[in-house]
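Chemist:
Protein chains: 2
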Amino acid sequence: MAKGKSLNPPGHVNLRMLAEHLGLSQTTVSLVLNNSPSAKSIPPETRQRVMEAAERLNYRPNYFARSLRQSRSMSVGVLAPDLSEGYFTRVMNGVVQELTAAHYFYFTACHDWKKELIEQYPRMLVERAVDGFLLLNTPADQIQVPVPVVAISAHSQVENVTNIVLDHHAAVEQALKHLHGLGHRRIAFMRGPKAIPDSEFRWEAIQQVSREIGIKVDANNVIRIDAEGWSMKTGYHPMAPEIGYKPMKALLEKHRDFTAVFCFNDIAAIGAIRALKDAGFSVPQDVSVVGFDDIQSAAFSTPSLTTVRQPLMEMGKRGAQVLLDRIANRDKEYPGEITMEPELVVRESTAAARA
Amino acid sequence: MAKGKSLNPPGHVNLRMLAEHLGLSQTTVSLVLNNSPSAKSIPPETRQRVMEAAERLNYRPNYFARSLRQSRSMSVGVLAPDLSEGYFTRVMNGVVQELTAAHYFYFTACHDWKKELIEQYPRMLVERAVDGFLLLNTPADQIQVPVPVVAISAHSQVENVTNIVLDHHAAVEQALKHLHGLGHRRIAFMRGPKAIPDSEFRWEAIQQVSREIGIKVDANNVIRIDAEGWSMKTGYHPMAPEIGYKPMKALLEKHRDFTAVFCFNDIAAIGAIRALKDAGFSVPQDVSVVGFDDIQSAAFSTPSLTTVRQPLMEMGKRGAQVLLDRIANRDKEYPGEITMEPELVVRESTAAARA
DNA sequence: GACCCGAGCTAAATCGTGTTACAACACGAT
DNA sequence: ATCGTGTTGTAACACGATTTAGCTCGGGTC
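If you read the sequences in order, they're chains S and V. So the first sequence is numbered by the numbering used here: it starts at 8 and just counts up by one. So the second sequence is numbered by the numbering used here: it starts at 8 and just counts up by one.
Here it is, written out as structure tokens:
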């Protein structure tokens, strides 16, 4: 009665208080609650008593004290360029599923492609003791941290980093064989911005596959997304279809010697289609358009988009799984690269080439 | 030399180690580094010496130990239903700007509309000592936490919560006056899912404004988005245009006695347009469609969407500002509600009613 | 009787910081 | 000599959990 139980700050039950209340030592209570291996010798009745009291007094172990001891925080850092509509949300849907199931939380940090932020954020998050990093679409070369790193859609062969990548050869092959099979020979290519790791990688795949299939890549038919369009500093539209609209319009003003366009992603493809329509073309009768990613609106825009589906959610899930696994077994060997398979989704935006 | 400096785990400099190295006590070093008021008496030279050593040895105070002592974390919790394409990313763009500028990080937690998670996550994040909460599109009634809360797009008059809301009367008035002005009299309304706080609020505004303008709301022309479509458990498409496609299709199978549709949001509007086209209608010649939000794809879908623009980014910015202000001055008075103004954006999806 | 053993527990150290209470000393004033 | 009063620090505890090392006691073995 004089145990002092009633004068506590309510809702803040200690291990000490719990132990006092039970007439046991903190050690015993802790061992039971954590189901520690050295708790074998504790009889079931005592166990039961401890569990019940913890439940009844609504005991919650203090997060910081526990983390201080075990030096792990049950949280990871997610580094991404921005909170973009297409890519980010889809990958994160998969990531979140896995992290949540493992009782992990995550910090998100957007570097907006700024070099200094790409170096600064990892340091700041290490100070907050994240147990690992997940990089989305972000070059990993410069990142040196004392915890495991998994990079999704990056291609840096660096110690400590596991890459989750798409099989780009297969992806490009499916798209180009589809167009080739429809009779397209003069194909325009829209390259991604330099900053994005996938851009160069995919471009090389395009050149290689083109040689294999026998498609000529004409420099006059290669356009490039302007990296500025991706920046936050545009304010209102960080990553609008505009990024595809502008280069397509520019190309159309020079010449119209192509029957199909292979776009860097779906958002750009939607913009490109808009530019084609504005120029008096109809899609797919006059020009076929192929996108990349298969974001949600791809199926519902008009015309619906033929596109190379990246299994973004699965890539997120897989990435998170690997990261959690590497965190749990820090000295186990880990894969340097994991490849995921794409899938061509044929919809309305492609058709046989006009004669 | 034999001070043991070289046999440390590198990158892990203690306060103790720093103090030893300096030949001072931990207290002194701590006082200097935190610029504590009781450090007044410490001479500038000693100060200087401490600061330099900390810099040189790259000393970083342990986050857990520090938080364990002072229980605050320089981070906030963001609670949202999901990482949806339209709403979430736009609001967060504004939020992130403000938080980053104030050197705050944030945890994101998606409750997926599950009651138990809406109660559980705040508790878990309080354990992690977040300094405040930001609720997106999430009812705040049940949330009891010892830190400031700002709710964006919610309408709960609860102690401790500041609401950032849209002026729904103005929003609905602009949309309906636009349609009324184009000659539309028989208008179909798509209500939002029950779970979303804005749904009921907007519906009441619709009823009131309709009375004021003289538009009849016919129960046969009211459809509702099926809440299940929003759930994660659908796996692949958490929040696709499908949510608008299905109810629109169902309505069209019953009757076609309307010349315009006012949709709950842009994503649903895109789905509804698709359903109208599938049924042989053309938009806007046969049926006008008005959306809500003005998400990025609204301007680039075909036809481009007439919609009520919510200043989502500004709402996020404002919400974060208020939260940070309330965190910094915990006892200052705070606003219970802040109203933001909408703006009608007229594009291609609306036209004069057919005779 | 010495020795070991397992069952059932506990005291005390540890993690790294922040903070309170107090020590040692100098200097001048009484 | 004593007292006050800054100055310049330090020892020790608090925060709350985990973990190591070990204690006690009854019973069995040789």
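Backbone N, C-alpha and C define an ideal beta-carbon position, used for all residues, glycine too.
Can you tell me which of the three DSSP states S/E344 falls into?
Modeler: Strand at S/E344.
Chemist: Tell me which same chain residues have a C-beta within less than 8 Å of the C-beta of V/K324, skipping the five on either side of it?
Modeler: Result list for V/K324: G101, V102, Q104 and E105, in chain order.
Chemist: Name, going along the chain, the residues of the segment 92-115 of chain S whose beta-carbon falls closer than 9 Å to a beta-carbon of chain V.
Modeler: Residues E92, G93, F95, T96, R97, M99, N100, V103, Q104, T107, H110, F112, Y113, F114 and T115.
Chemist: So if DSSP puts S/S82 in a beta bridge, which residue, or which two residues, is it bridged to?
Modeler: DSSP, once it has assigned bridges, lists S/F112 as partnering S/S82.
Chemist: Which one of S/F196, S/A61, S/Q328 and S/A267 has the shortest CA to CA distance from S/V229?
Modeler: With distances taken between Cα atoms, S/V229 lies closest to S/F196.
Chemist: Once the 5 residues before and after S/F95 are set aside, which same chain residues still bring their CB inside 6 Å of it?
Modeler: Excluding sequence neighbours, S/F95 sits near A87.
Chemist: Where do the ends of the alpha helix (DSSP H) carrying S/L6 lie?
Modeler: Beyond the ends of chain S as shown, which are 8 and 362, falls residue 6 of chain S; an answer cannot be given.
Chemist: Could you name the residues of the segment 293-318 of chain S whose beta carbon sits closer than 7 Å to any beta carbon of chain V, in the order they occur along the chain?
Modeler: The residues in question are Q303, S304, F307, S308 and T309.
Chemist: In chain order, which beta strand (DSSP E) runs of at least 3 residues are fully inside the segment 146-210 of chain S?
Modeler: Complete beta strand (DSSP E) runs here, min 3: 156-159, 168-173 and 194-198.
Chemist: How would you write the range of the beta strand (DSSP E) that S/G298 sits in, first residue to last?
Modeler: It spans S295 to D300 - the beta strand (DSSP E) in which S/G298 sits, taken as one unbroken run.
Chemist: Taking the C-alpha atoms as reference points, what is the distance between S/F299 and S/C270?
Modeler: Straight-line Cα distance between these residues: approximately 7 Å.
Chemist: Take the Cβ of S/T346 as the centre, count every other Cβ of all protein chains shown within 10 Å, and call the residue buried at 16 or more, exposed below.
Modeler: When all chains shown are included, S/T346 counts as exposed.
Chemist: Can you pull the chain S neighbours of V/G278, defined as C-beta to C-beta under 9 Å?
Modeler: In chain order: F307.
Chemist: Measure from the C-beta of V/S160 to each C-beta in chain S and report whether the shortest distance is under 7 Å.
Modeler: Answer no: the Cβ-Cβ gap between V/S160 and chain S never drops below 7 Å.
Chemist: With DSSP as the reference, label V/F71 as helix, strand or coil.
Modeler: Of the three classes helix, strand and coil, the one that applies to V/F71 here is helix, per DSSP.
Chemist: Going along chain V, which residues have a C-beta under 8 Å from S/E321?
Modeler: None at all; the shortest Cβ gap to chain V is about 10 Å.
Chemist: Determine the direct distance from the alpha carbon of S/N272 to that of S/R316, and round the result to whole angstroms.
Modeler: Their backbone Cα atoms lie some 10 Å apart in a straight line.
Chemist: Using the Cβ count rule (16 or more neighbours within 10 Å means buried), how would you classify S/R281?
Modeler: The residue in question, S/R281, is buried, as its Cβ has 16 or more Cβ neighbours within 10 Å.
Chemist: Spatial neighbours of S/H175 within its chain, please: CB distance less than 7 Å, with the 5 preceding and 5 following residues excluded, ordered by chain position.
Modeler: Excluding residues within five positions, the ones whose Cβ falls inside 7 Å are F208, R209 and A212.
Chemist: Using a cut-off of 7 Å between C-beta atoms, extract the partners of S/F288 located in chain V.
Modeler: Here the premise fails: no neighbours, minimum Cβ distance about 13 Å.
Chemist: Determine the chain V residues that contact S/C117 at a beta-carbon separation under 7 Å, and present them in chain order.
Modeler: Here the neighbours are V103.
Chemist: When we look at the beta-carbon of S/Q303 and count the other beta-carbons within 10 Å, is it buried (16 or more) or exposed?
Modeler: Flag for S/Q303 reads buried.
Chemist: Sorted by chain position, which residues of the same chain lie with C-beta nearer than 8 Å to S/A177's C-beta, five sequence neighbours on each side aside?
Modeler: Only E348 and P349 meet the Cβ criterion.
Chemist: Buried or exposed: where does V/S295 fall if 16 or more other Cβ atoms within 10 Å of its Cβ makes it buried?
Modeler: With 16 or more other Cβ atoms within 10 Å, it is buried.
Chemist: Quick one: list the residues of chain V neighbouring S/A136, beta-carbon separation under 7 Å, in chain order.
Modeler: Correct list: Y70 and F71.
Chemist: Around the Cβ of S/E249, are there at least 16 other Cβ atoms within 10 angstroms (buried) or fewer (exposed)?
Modeler: The residue in question, S/E249, is buried, as its Cβ has 16 or more Cβ neighbours within 10 Å.
Chemist: Give the straight-line distance between the Cα atoms of S/R333 and S/S80, rounded to the nearest whole angstrom.
Modeler: Looking at the two C-alpha atoms, the distance is approximately 15 Å.
Chemist: So with Cβ pairs under 7 Å, would you call S/R281 a contact of chain V?
Modeler: So yes, S/R281 belongs to the interface.
Chemist: Please list the residues of the segment 52-83 of chain V that have a C-beta atom closer than 7 Å to any C-beta atom in chain S, keeping them in chain order.
Modeler: So the close ones are R67, Y70, F71, A72, S74 and L75.
Chemist: Could you spell out the range, first to last residue, of the beta strand (DSSP E) harbouring S/P267?
Modeler: One detail in the question is off: residue 267 of chain S reads as Ala in this sequence, not Pro. Run containing S/A267: A267 to F269, per the beta strand (DSSP E) assignment.
Chemist: Between S/A26 and S/V39, is the Cβ-Cβ spacing less than 7 Å?
Modeler: Cβ distance not < 7 Å, so S/A26 and S/V39 don't count as in contact.
Chemist: Could you name the residues of chain V that S/L90 contacts, counting a contact when the two beta carbons are closer than 9 Å?
Modeler: Residues of chain V passing the Cβ test: L90, F95, T96, R97, M99, N100 and V103.
Chemist: Distance cutoff 7 Å, beta carbons only. Does V/A257 sit that close to anything in chain S?
Modeler: Answer no: the Cβ-Cβ gap between V/A257 and chain S never drops below 7 Å.
Chemist: Starting from S/A327, find everything on chain V with Cβ-Cβ shorter than 9 Å and list it in chain order.
Modeler: Residues of chain V passing the Cβ test: none, with the nearest at roughly 14 Å.
Chemist: Cβ atoms of V/F307 and S/I203: under 7 Å apart, would you say?
Modeler: No, the Cβ-Cβ distance between S/I203 and V/F307 is not below 7 Å.
Chemist: So is S/P248 in contact with chain V if we call contact Cβ pairs under 7 Å?
Modeler: Cβ-Cβ to chain V under 7 Å: yes for S/P248.
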